[in-house]
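Enquirer: Chains as they are written, first to last, in this note's numbering: chain A, 76 to 402; chain B, 11 to 336.
Note that beta-carbon positions come from the ideal geometry of N, C-alpha and C, so glycine has one too.
Quick one: the structure is below, questions incoming.
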Amino acid sequence: MAKIGVMSFAHMHALSYAACLNELPEAELRAVWDDDAARGQEQAAAFGTTFVADLDAFLALDLDGVIIASENVKHREMVERAAAAGKWILCEKPLAPTVEDCRAMVAACQTAGVGLGTAFPCRYIPSVMAVKDELDKGVYGEIYAASCTNNGQFPGGWFARQALSGGGATMDHTVHVADLLRWMLNREFTRVYCENGRLLRPGIDVDDVGSLHMEMEGGVIVSHIASWNRAASFPTWGDVTLELIGEKGVVSVDAFNQKLHVYDDAGMRAAWDYWGGNPDLGLVRGFVAAVDARREPDITGVDGMKAVEVTVAAYASAKSHHMVAIG
Amino acid sequence: MNLGVIGCNTMGLMHCQMAENAGLKVVACGDISRDNARKAARKFGAEAVGDCVALCNRDDVDVVAVCTPTPTHTEYIQAAAGAGKHVFCEKPLGRTLETIDEALAAVERAGVKLYVGHVVRFFQEFEAMKARIDAGKIGNVGFVKTYRGGIFPGGKLGWFSDWNMSGGVTLDTIVHDMDWLRYVFGDPERIFAQNLKRVFSERIDYALVTMRMKCGTICNIVGTWAHPSGFRVKVDICGERGMVTFDSSEAPVSAQLRLGAGSGPSTIVPASPVLVSPYQLEWEDFAGWLAGTRKPRVTPEDGRWAVRMALAALESAETGQPVEFN
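Written out as structure tokens, the structure reads:
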């Protein structure tokens with residue numbers, strides 16, 4: 076039984092990770108720490124576990140691993156503290172706002188001899204896994220191009236504050252797809268061009284739309300939309316889509332297009348209700364297995380850093396209006 | 011008004027019909043293939059002409075419709091204008107800005123009217139989207155994504171697969187979206203593009219474009235000639251106060267024919283019938299301009315701008331850097 080703690084519920088994904096820990100028989104949600112004590116207490120109670128207010132006391136607990144879901148800019152310090160305490164770590168994406176932070180985090184975990192995983196649950200979406208399998212079997216032959224989106228509704232809160240997020244939609248919604256493409260096509264990114272801006276939410280201090288063009292090793296061309304462009308009235312939170320153009324065919328993935336159309340007079344709103352397999356469960360299960368075996372998680376800190384390299388280069392491109400090298 | 015058409019393949023025949031629906035009379039059908047010209051002439055009760063330049067000089071022709079492969083557009087526009095005829099030209103207006111400028115100068119000199127077939131401006135769904143945007147229903151628009159294409163186009167002469175002639179999916183297909191985006195959001199500031207020209211010999215093209223408009227709006231345009239079948243158009247328009255989306259795969263009619271035994275599965279063909287074809291609407295617009303009763307929705311300058319955007323996209327794809335519009 077792996078004893079896991081959750082550090083911070085600032086990112087709403089922590090709610091799902093905590094639920095997954097409670098669902099998995101091989102894991103125990105042992106304790107919660109949060110720098111927002113009220114939030115931590117509330118969530119600890121909701122998930123039937125203990126809240127520990129002091130971080131040193133929390134890290135002194137008999138925990139095998141921690142899941143960190145704080146604001147982006149706090150990831151580095153929390154990872155370094157948890158690594159020093161010998162905990163296995165699953166860190167929310169993006170791993171950090173800067174490549175320098177990512178490097179330090181990866182190094183800290185290496186030094187401490189603990190595993191560091193990045194929370195890229197999209198690798199566990201059933202449709203994505205099915206297409207990855209076909210790609211590996213060569214069903215589509217060589218892949219020439221990809222057109223992708225990760226659109227979302229405006230998350231608000233700290234996501235829209237540069238000082239806590241380190242970046243806007245371009246940062247928040249590029250890394251999932253960047254990681255998927257690296258994993259599915261087994262290639263690294265080489266260059267990126269980006270147009271972005273604060274175009275839909277005048278009051279915020281980060282970008283809310285990014286249009287990226289990337290190149291991968293071997294000349295694969297990629298368009299990606301990273302955005303918070305979905306209307307508040309949109310029937311779901313957003314999407315993850317990929318269209319891959321290959322030698323032997325094309326394949327399109329609309330990863331969450333397993334949905335019921337729900338018309339509820341109580342809310343007077345139409346909604347899409349996703350009924351497909353929960354990708355977070357695969358992510359957390361994979362992390363728990365790595366903790367148990369005391370090995371590196373399947374999706375590593377280096378994977379997290381590689382995706383951050385793309386976003387950092389994208390921001391540089393958006394500023395200079397030039398295509399720039401990645402990494 | 012009497013119409014002479016140059017180029018009597020699919021588009022030429024279609025434009026003849028639409029022009030007649032809009033009140034013009036087809037009197038001459040020209041094609042370098044005599045056979046094509048004869049077939050079209052028979053259908054419309056017109057005269058078949060093998061020499062397309064001579065067609066422009068006929069006294070009974072008032073308007074010339076140019077429906078030939080892209081690189082030949084401008085020479086026929088010049089011939090028609092030189093003969094004092096008004097011209098309808100299928101998009102794109104030309105293959106290069108130099109030949110377009112020569113043609114526009116000839117039109118200007120002759121004092122004739124030139125209409126460019128940017129028919130997407132007349133598609134009912136695009137009209138409905140523009141109306142919502144213009145009425146401010148979704149607030150200021152910050153982002154638009156368009157998607158257009160499907161199977162690699164055939165074309166009797168196979169000229170689409172000749173890059174120097176067609177310019178690929180960028181100049182031939184998403185030039186529609188570039189034109190419509192400029193029509194709705196104004197001039198572009200900068201364009202960046204990638205494409206698959208390197209596998210063009212395999213009859214695959216795929217274009218990925220981002221255009222930054224002067225108003226700040228970011229437009230992402232995807233064009234495909236890379237699909238083994240089908241044709242699809244998708245639009246995603248995101249504003250401060252809402253969104254509008256369109257997907258041509260959501261059509262009211264979806265037909266599937268039962269083929270004979272052993273012939274394999276048939277293809278589902280979606281259809282979205284409209285009361286009046288957008289091609290007819292564009293001919294009515296041109297006819298109204300010719301009659302002096304309305305201003306054209308598409309100007310020669312619009313046609314030049316559309317090619318300018320598409321060529322800038324091709325240049326960007328070549329250099330790997332954006333192209334600025336000054």
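Do you know offhand how far residue 88 of chain A's Cα is from residue 156 of chain B's?
Expert: Counted from its first residue, the first sequence places residue 88 of chain A at position 13. Counted from its first residue, the second sequence places residue 156 of chain B at position 146. Between residue 88 of chain A and residue 156 of chain B, the C-alpha separation is close to 31 Å.
Enquirer: Taking the beta strand (DSSP E) that residue 204 of chain B falls in, what are its first and last residues?
Expert: Taking the first residue of the second sequence as position 1, residue 204 of chain B is located at position 194. Where residue 204 of chain B is concerned, the enclosing beta strand (DSSP E) stretches over 198-205.
Enquirer: Quick one, which residues of the segment 229-240 of chain B are near chain A if we go by CB-CB under 7 Å, in chain order?
Expert: Listed by position along the chain: 230, 232, 236, 237 and 238.
Enquirer: Check the Cβ of residue 309 of chain A against every Cβ in chain B and list those closer than 7 Å, keeping chain order.
Expert: In the first sequence, counting from the first residue as 1, residue 309 of chain A sits at position 234. In chain order: 253.
Enquirer: Within 10 angstroms of the Cβ of residue 298 of chain A, are there 16 or more other Cβ atoms? Answer buried if so, exposed if not.
Expert: Within the first sequence, residue 298 of chain A is the residue found at index 223, counting from 1. Buried is the call here.
Enquirer: Taking Cβ positions, are residue 267 of chain A and residue 385 of chain A nearer each other than 8 Å?
Expert: Locating residue 267 of chain A in the first sequence gives position 192, counting from the first residue. Locating residue 385 of chain A in the first sequence gives position 310, counting from the first residue. For residue 267 of chain A and residue 385 of chain A, yes; Cβs fall inside 8 Å.
Enquirer: Using a Cβ-Cβ cut-off of 7 Å (strictly less than) and excluding sequence neighbours within five positions of residue 277 of chain B, which residues of its own chain qualify?
Expert: As a first step, residue 277 of chain B is located in the second sequence; it is residue number 267 there, counting from the start. So the qualifying residues of the chain are 239.
Enquirer: Please classify residue 190 of chain B as buried or exposed, where buried requires at least 16 neighbouring CB atoms within 10 angstroms.
Expert: In the second sequence, the residue the question calls residue 190 of chain B occupies position 180. When all chains shown are included, residue 190 of chain B counts as buried.
Enquirer: Could you list the residues in the segment 191-214 of chain B with a C-beta less than 9 Å from some C-beta on chain A, going in chain order?
Expert: Residues passing the 9 Å Cβ filter: 200, 202, 203, 204, 205, 206, 208, 209, 212 and 214.
Enquirer: Rounded to a whole number of angstroms, what is the C-alpha to C-alpha distance between residue 403 of chain A and residue 358 of chain A?
Expert: Outside the modelled stretch of chain A, which goes from 76 to 402, sits residue 403 of chain A, for which no answer is possible.
Enquirer: To which residues of the same chain is residue 261 of chain B closer than 7 Å at the C-beta, ignoring the five residues directly before and after it?
Expert: Position 251 of the second sequence, counting from 1, holds the residue named residue 261 of chain B. The residues are 280, 281 and 282.
Enquirer: Is the segment 207-214 of chain A close to the segment 182-196 of chain A, with three or more CB pairs under 8 Å?
Expert: No, the segment 207-214 of chain A is not in contact with the segment 182-196 of chain A.
Enquirer: Along chain B, which residues have their Cβ under 8 Å away from the Cβ of residue 270 of chain A?
Expert: Reading the first sequence from its first residue, position 195 is the one you call residue 270 of chain A. Within 8 Å Cβ-Cβ: 200, 202, 220, 222 and 228.
Enquirer: How big is the Cα-Cα spacing for residue 208 of chain A and residue 264 of chain A?
Expert: Counting from one through the first sequence, the residue named residue 208 of chain A turns up at place 133. Counting from one through the first sequence, the residue named residue 264 of chain A turns up at place 189. Approximately 21 Å between the Cα atoms of the pair.
Enquirer: With DSSP as the reference, please indicate the residues paired to residue 290 of chain A in a beta bridge.
Expert: Counting from 1 along the first sequence, the entry for residue 290 of chain A is found at position 215. A/266 and A/296, per the DSSP bridge assignment.
Enquirer: Where residue 395 of chain A and residue 108 of chain B are concerned, what is the direct C-alpha to C-alpha distance, given to the nearest angstrom?
Expert: As a working note, residue 395 of chain A is residue 320 in the first sequence. As a working note, residue 108 of chain B is residue 98 in the second sequence. Going from the Cα of residue 395 of chain A to the Cα of residue 108 of chain B covers about 31 Å.
Enquirer: Inspect the beta-carbon positions of residue 326 of chain A and residue 225 of chain A and report whether they are closer than 8 Å.
Expert: By one-based count along the first sequence, residue 326 of chain A stands at place 251. By one-based count along the first sequence, residue 225 of chain A stands at place 150. No, these two residues do not count as a Cβ contact at 8 Å.
Enquirer: Using a Cβ-Cβ cut-off of 7 Å (strictly less than) and excluding sequence neighbours within five positions of residue 130 of chain A, which residues of its own chain qualify?
Expert: Counting from one through the first sequence, the residue named residue 130 of chain A turns up at place 55. Contacts found: 108 and 156.
Enquirer: If the cut is a Cβ gap below 8 Å, which residues of chain A does residue 283 of chain B touch?
Expert: The sequence position of residue 283 of chain B within the second sequence is 273, counting from 1. Residues of chain A passing the Cβ test: none, with the nearest at roughly 25 Å.
Enquirer: State whether the segment 325-342 of chain A contacts the segment 168-178 of chain A, with contact taken as three or more CB pairs (one from each stretch) at a distance under 8 Å.
Expert: Not touching, per the Cβ criterion.
Enquirer: Would you grab the beta carbon distance between residue 280 of chain A and residue 236 of chain A for me? Rounded to a whole angstrom, and I think it's under 8 Å.
Expert: One-based indexing of the first sequence puts residue 280 of chain A at position 205. One-based indexing of the first sequence puts residue 236 of chain A at position 161. Confirmed, about 7 Å.
Enquirer: Span of the beta strand (DSSP E) holding residue 385 of chain A?
Expert: One-based indexing of the first sequence puts residue 385 of chain A at position 310. Note, residue 385 of chain A: premise wrong, no beta strand (DSSP E); alpha helix (DSSP H) at 376-395.
Enquirer: With residue 223 of chain B as the anchor, note down where its beta strand (DSSP E) starts and where it stops.
Expert: Taking the second sequence and counting its residues from 1, one reaches residue 223 of chain B at position 213. Start and end: 216-223.
Enquirer: Could one say the Cβ of residue 130 of chain A lies closer than 8 Å to chain B's Cβ atoms, at least one of them?
Expert: The residue you call residue 130 of chain A lines up with position 55 of the first sequence. Chain B, which has no Cβ nearer than 8 Å to the Cβ of residue 130 of chain A, makes this no.
Enquirer: Under 7 Å between beta-carbons, which chain A residues line up against residue 330 of chain B? List them in chain order, please.
Expert: Taking the first residue of the second sequence as 1, we reach residue 330 of chain B at position 320. In chain order: 398.
Enquirer: Any Cβ of chain A within less than 8 Å of the Cβ of residue 250 of chain B?
Expert: Counting from one through the second sequence, the residue named residue 250 of chain B turns up at place 240. Closer than 8 Å: yes.
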